[in-house]
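Just below is one structure, and these are the notes that go with it.
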């Protein structure tokens, strides 16, 4: 979670059990899907406070507006999570990694986190280098099941690999996308229907300076 | 293993089953205990070739010289492993992390690898900063069992923490040790008799440059 204390307030009225379930699900897809350097902090925590001041009826699991509330909560947490990733020590770019075609959601999450956390991928993003071998290598060691003969990769909107091998796409278009401040990768594992998204940031000389040049 | 192809030759005569067991045990304590950035390579491999040219009797598990051969093999592999860690991309210092007092060998290995692989620890080593909180944090998230009230830490020969809290040691002595090219940490988990050692290197601006400034 990048050393985070998150406090989210709402004037909705929430049944405590529903609030707990909703927050857990949303945090798993947002704050638990960001990584700066893989290190974790004992501070990492997220609180949801609901005071019911809106006067609207109390939401529980079965309420017709429950899903709308969860979506709104996810929108807030996604926005905060992306901002934190983009604000990682020394970061110059936000990286978004979407995994599709996974055999299970657990696999999709593992693969997304491995790619976004790989120092080699992070350094390649810093150099705007469409080094797709590093991306597939991270998927490979993540432990997620993947069909190497059906795996595909997009950098931005450009498909770079299909059925496990390079397409004829010119690298320059991928490089141009990677020169921006928000770099998107999508990897399809070629197996199932599960997906997940993770966010991180590039690895820069600034990260090293920020974490080595001050004294405790 | 840091993208390694290792070929080790000997003129001893080895029973294949013994050669396999000996190599596996030694590799687990040496090449499998180094990390540069946590990324892995499909090249990583180690071959042991024995041609029997010495004319000495064939060694097997039960032979009186078997243990001597394993120790010699371990000495060779430890030397190579340390040299590879010290030669990591952009590295300026070798880091050695010894874990003692672990409840199991698996725990000791997990903790040693977590500390030596932590980007924050690696950056602190680069800055010769005795940031012991980062070391304990990595032990904490490694998944290894630790008794926080009995944990202890040494930087070089200086005991920095005892029973989970800082000693009165002055940081300057630790800093002087960390300014050298070989930095040693020992963490005692305060539980059992198991131990393990891992090797890595500091994280430098040079690592970032080397992995971002060239194009595929």
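Chains as they are written, first to last, in our numbering: chain A, 1 to 216; chain B, 217 to 432. Virtual Cβ for every residue (Gly too), placed ideally from N, Cα, C.
Legend entry - residue 55/A versus 42/A, 10/A, 95/A and 45/A, residue with shortest Cα-Cα distance: 10/A
Legend entry - Assigned secondary structure, residue 36/A (DSSP; H/G/I helix, E/B strand, else coil): coil
Legend entry - Spatial distance of residue 414/B from residue 23/A (CA atoms): 39 Å
Inset, instruction - Note the first and the last residue of the continuous beta strand (DSSP E) segment covering residue 261/B. - result: 261 to 266
Legend entry - Nearest-angstrom Cα separation, counted from residue 88/A out to residue 350/B: 17 Å
Inset, instruction - On the DSSP bridge assignment, give the partners of residue 201/A in chain order. - result: 94/A
Legend entry - Cβ of residue 148/A within 8 Å of any chain B Cβ: no
Legend entry - Cβ-based burial, residue 409/B [other Cβ within 10 Å; buried from 16]: exposed
Inset, instruction - From the DSSP output, in three-state form, read off residue 277/B for me. - result: coil
Legend entry - Residue(s) in a DSSP beta bridge with residue 387/B: Partner(s): none; residue 387/B has no beta bridge.
Legend entry - Classification of residue 220/A by the beta-carbon crowding that lies within 10 angstroms, buried from 16 upward: With chain A covering only 1 through 216, there is no way to say anything about residue 220/A.
Legend entry - chain A contact residues for residue 420/B, given Cβ-Cβ distances below 7 Å: 208
Legend entry - Contacting positions in the segment 127 to 146 of chain A - beta carbon closer than 9 Å to chain B: 127, 128, 129, 130, 131, 132, 133, 134, 137, 138, 140 and 141
Inset, instruction - Find the residues of chain A that neighbour residue 254/B, judging by a C-beta separation of less than 7 Å, and give them in chain order. - result: 119
Legend entry - Identity of the residue in 183/A, 190/A and 205/A nearest residue 428/B by Cα: 205/A
Inset, instruction - Please name the residue in 254/B, 275/B and 222/B whose C-alpha comes closest to that of residue 142/A. - result: Of the candidates 254/B, 275/B and 222/B, 254/B places its Cα closest to the Cα of residue 142/A.
Legend entry - Contact set for residue 340/B: own chain, Cβ-Cβ below 6 Å, skip 5 residues either direction: Cβ within range, chain order: 347 and 350.
Legend entry - Neighbour flag for residue 259/B against chain A, beta carbons, 8 Å: no
Legend entry - Proximity test, Cβ basis, 8 Å: residue 194/A and chain B: no
Legend entry - Beta carbon of residue 277/B nearer than 8 Å to that of residue 344/B: no
Inset, instruction - Look at the alpha carbon of residue 187/A and the alpha carbon of residue 145/A, and state the distance between them as a whole number of angstroms. - result: 13 Å
Inset, instruction - Kindly provide the ranges of any beta strand (DSSP E) runs that are 3 or more residues long and lie completely inside the segment 345 to 388 of chain B, ordered along the chain. - result: 368 to 371 and 374 to 378
Legend entry - Meets three-Cβ-pair contact criterion under 8 Å: the segment 377 to 394 of chain B and the segment 171 to 178 of chain A: no
Legend entry - Residues that residue 248/B contacts on chain D, provided the C-beta gap is smaller than 9 Å: Of the protein chains in the structure, A and B, none is chain D.
Inset, instruction - Could you say which of 377/B, 319/B, 274/B and 313/B lies nearest to residue 329/B if we only look at CA atoms? - result: 313/B
Inset, instruction - Would you list, in chain order, the members of the segment 92 to 115 of chain A that have their beta-carbon closer than 8 Å to a beta-carbon of chain B? - result: Listed by position along the chain: nothing, the set is empty.
Inset, instruction - Select from the segment 217 to 247 of chain B all residues with a C-beta closer than 8 Å to any C-beta belonging to chain A, and list them in chain order. - result: none
Inset, instruction - Work out the CA separation of residue 99/A and residue 26/A for me, nearest whole Å. - result: 18 Å
Legend entry - residue 158/A and residue 136/A closer than 8 Å at C-beta: Contact: no.
Legend entry - For residue 196/A, three-class secondary structure by DSSP: strand
Legend entry - Through-space distance from residue 69/A to residue 118/A, alpha-carbon basis: 34 Å
Legend entry - Cβ separation of residue 189/A and residue 151/A, assumed to be a contact under 8 Å, to the nearest whole Å: 6 Å
Inset, instruction - Using a Cβ cut-off of 8 Å (strictly closer), state whether residue 379/B contacts chain A. - result: no
Inset, instruction - In the DSSP assignment, find the unbroken beta strand (DSSP E) run with residue 87/A in it and report its ends. - result: Segment: none, residue 87/A is in no beta strand (DSSP E) and carries neither H nor E.
Inset, instruction - Just the C-alpha distance for residue 297/B and residue 399/B, rounded to the nearest angstrom, thanks. - result: C-alpha separation (whole angstroms): 15 Å.
Inset, instruction - For the alpha helix (DSSP H) holding residue 223/B, just list the boundary residues, first then last. - result: Run containing residue 223/B: none in the alpha helix (DSSP H); it sits in the beta strand (DSSP E), 221 to 226.
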